[in-house]
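> Residue -4 is where the sequence shown starts when you use the working numbering, and the numbers rise one by one after that.
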Amino acid sequence: MNDLTPIAGARGRDILRKRGIYVPPAYTNLRIAQNPSALLQATSVDASGKTQYHYTKKQDLKRSRKKWEQTSRFVQAIPAIRGEAKRMLKAADPRERAIAIGVTLMDRCGFRVGGTTEATGVTTLEQKHVGKRTIAFLGKSAVRNVCQVDPAFAALVRKHYVPYKPSRHDLNEFLQTFGEGFSCKDYRTFRANAVFLESTLRGDAPKTALEAAAASIHNTPTICKGNYLVPILYASVAAGKVPRPLANGVGKYATQGENLFASTIKKYILKETTK
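1. Have a look at Met(-4) and Val237 and give me their C-alpha separation to the nearest angstrom.
2. Apart from the five residues on each side of it in sequence, which residues of its chain come closer than 6 Å, Cβ to Cβ, to Thr250?
3. How many Å lie between Phe177 and Phe69 at the Cα?
4. Report the option in Arg139, Leu(-1) and Ile218 whose CA atom is closest to the CA atom of Tyr48.
5. So, for Asp181: in the same chain, excluding its five sequence neighbours on each side, which residues have a beta-carbon less than 8 Å away from its beta-carbon?
6. Would you please state the rounded distance, in angstroms, between the beta carbons of Phe106 and Asn140? I believe it to be under 8 Å.
7. Distance check for Val225 and Tyr263, CA to CA, integer angstroms please.
8. Hey, could you find the ends of the beta strand (DSSP E) Leu241 is sitting in?
9. Does DSSP classify Tyr48 as helix, strand or coil?
10. Please state the DSSP three-state secondary structure of Arg26.
11. When the Cα atoms are used, what is the spatial distance from Ile16 to Arg26?
12. At what residue ranges does the segment 104 to 141 contain a whole run of the beta strand (DSSP E), taking only runs of 3 or more?
13. Check whether the segment 193 to 207 and the segment 121 to 139 touch, using three or more Cβ-Cβ pairs below 8 Å as the test.
14. On the criterion of 16 or more Cβ atoms from any shown chain inside 10 Å, does Asn30 qualify as buried, or is it exposed?
15. Between the beta-carbon of Gly109 and the beta-carbon of Val98, is there less than 9 Å?
16. Would you say the beta carbon of Gln65 is closer than 8 Å to some non-hydrogen atom of the ligand GTP?
17. Please give me, in chain order, every unbroken run of the alpha helix (DSSP H) with length at least 4 that falls completely inside the segment 137 to 196.
18. Determine the closest residue to Asn214 out of Lys135, Lys52, Leu56 and Thr195, with distance taken between C-alpha atoms.
19. Going by CA-CA distance only, name the one from Phe132, Thr195 and Asn188 that's closest to Ser211.
20. Looking at Arg92: is its Cβ nearer than 9 Å to the Cβ of His155?
Okay, here's the thing in structure tokens:
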């Protein structure tokens, strides 16, 4: 990144626009590569203070393919992950049981993993967050995260999870036994797309389906659409190309939306990364 030069304001954005790269007006500290063929074209800082990286279209497609191919592999592994977590919920080892509960929380509730640098999440739950039928806390950006659970699961969380909370590393390590590179974030991507499709199958408008998907991962529709939904999947639904329900119902999955996403993601990522 040594060849990145600070070029502020409209002039910098105009240079990148001509290279086919869009940088939101709210982003600051724009630094641009002098070479228009460089893989990394620019960096900027978003409203939250995070550095954003802007690549060439070719590199973006390469990164996009890698991301969505991993999502596809993760979706196919979901039934096996759920089966193992269900088994581990009955394990005598408190660490195994806690990992299974943590995975189930991400699966059922769409919570972030949390950690030392984030707001409350799965790995930082406390007794005060767990009610008889709800788990609720203020998450990232002070967004209230609420998940309805049955009393038996809530009791399990209080007794067998909060005292033995696993770390982010523990949860990622468990997921990676099912596929190289799998991480806790893959759950949120899976959940957002599945809920979006489930809402669409109910006849909801794209905007309503997007709001449902965002709510399922406790995020805003803008972030959900930009960071979690397969772009061409959303675009297809917005254009009126609503997927049909599958004849075999939910199959190995919990909902029709999950099953439909699992069955169609390869088609969507092929379109997404060859457009």
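All residues carry an ideal CB built from backbone N, CA and C; glycine is no exception.
Keep in mind it's a predicted model, so treat the numbers as computed, not measured.
Short version:
1. Looking up residue -4 in the sequence shown gives position 1. Looking up residue 237 in the sequence shown gives position 242. Note that Met(-4) scores 49 on pLDDT, short of 50, meaning its location in the model is unreliable and no value can be drawn from it.
2. Reading the sequence shown from its first residue, position 255 is the one you call residue 250. Hits under 6 Å: Glu193.
3. If you number the sequence shown from 1, residue 177 lands on position 182. If you number the sequence shown from 1, residue 69 lands on position 74. Using only the alpha carbons, I get a separation of about 7 Å.
4. Position 53 of the sequence shown holds residue 48. The shortest Cα separation from Tyr48 among Arg139, Leu(-1) and Ile218 belongs to Leu(-1).
5. Counted from its first residue, the sequence shown places residue 181 at position 186. Excluding residues within five positions, the ones whose Cβ falls inside 8 Å are Gln65, Thr66, Phe69 and Leu170.
6. Position 111 of the sequence shown, counting from 1, holds the residue named residue 106. Position 145 of the sequence shown, counting from 1, holds the residue named residue 140. Yes, they are in contact, since the Cβ atoms of Phe106 and Asn140 sit about 6 Å apart, within 8 Å.
7. On the sequence shown, residue 263 is found 268 positions in, with the first residue counted as 1. On the sequence shown, residue 225 is found 230 positions in, with the first residue counted as 1. Taking the straight line joining both Cα atoms gives about 7 Å.
8. Start at 1 with the first residue of the sequence shown, and residue 241 comes out as number 246. Where Leu241 is concerned, there is no enclosing beta strand (DSSP E), given that its DSSP letter is neither H nor E.
9. Against the sequence shown, residue 48 aligns to sequence position 53. Looking at Tyr48 - three-state DSSP - the assignment turns out to be strand.
10. Within the sequence shown, numbered from 1, the residue matching residue 26 stands at position 31. The answer is strand: DSSP assigns Arg26 an E or B state.
11. On the sequence shown, position 21 is the one that residue 16 refers to. On the sequence shown, position 31 is the one that residue 26 refers to. Rounded to whole angstroms, Ile16 to Arg26 spans 13 Å at the Cα level.
12. 129 to 133
13. no
14. Start at 1 with the first residue of the sequence shown, and residue 30 comes out as number 35. By the 10 Å Cβ count, Asn30 comes out exposed.
15. Locating residue 109 in the sequence shown gives position 114, where the first residue counts as 1. Locating residue 98 in the sequence shown gives position 103, where the first residue counts as 1. No, the pair does not count as a contact, with Cβ atoms beyond the cut-off.
16. This structure lacks the ligand GTP; in fact it carries no ligand of any kind.
17. 146 to 151, 163 to 170 and 179 to 196
18. Within the sequence shown, numbered from 1, the residue matching residue 214 stands at position 219. Nearest C-alpha to Asn214: Lys135.
19. Within the sequence shown, numbered from 1, the residue matching residue 211 stands at position 216. Comparing Cα positions, the closest option is Asn188.
20. As a working mapping, residue 92 is identified with position 97 in the sequence shown. As a working mapping, residue 155 is identified with position 160 in the sequence shown. Yes, the pair counts as a contact, with Cβ atoms nearer than the cut-off.
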